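Numbering (numbering that gives the first Met the number 0), first residue to last: 0 to 49. Written below as structure tokens is the structure these notes are about.
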Amino acid sequence: MRAVVVNQASTGIEVVDHEKPALVAHGQALVKVGYCGVCHTDLHVSPWRL
Numbered sequence: 000m001r002a003v004v005v006n007q008a009s010t011g012i013e014v015v016d017h018e019k020p021a022l023v024a025h026g027q028a029l030v031k032v033g034y035c036g037v038c039h040t041d042l043h044v045s046p047w048r049l
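Structural data, given as structure tokens:
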């Protein structure tokens with residue numbers, strides 16, 4: 000599965016491939032996200048560039 004991670008505040012974000020996590024507790028769910036958004040306020044306060 001693909002994930003967007005923040006490695007360090009100064010270097011920004013990176014899209015990486017991860018193994019699908021195992022569900023280890025009763026009541027957990029793995030949710031497939033089709034789209035997501037970032038609001039302008041998030042861009043303004045983040046210390047890293049997108």
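Yeah, the Cβ is synthetic: ideal placement off N, Cα and C, and Gly gets one too. The model shown is predicted, which means the values in this text are computed figures rather than measured ones.
- The residues Leu29, in chain order, have a CB closer than 8 angstroms to that of Pro20 in the same chain once the five nearest residues on each side in sequence are set aside.
- In the DSSP annotation of this structure, the continuous segment of the alpha helix (DSSP H) that includes Val44 starts and ends at His39 to Val44.
- Bridge partners of Gly26 according to DSSP: none are assigned.
- The three-state secondary structure of Gly33, taken from DSSP, is coil.
- Shown here, Glu13 sits in a strand according to DSSP, grouped into three states.
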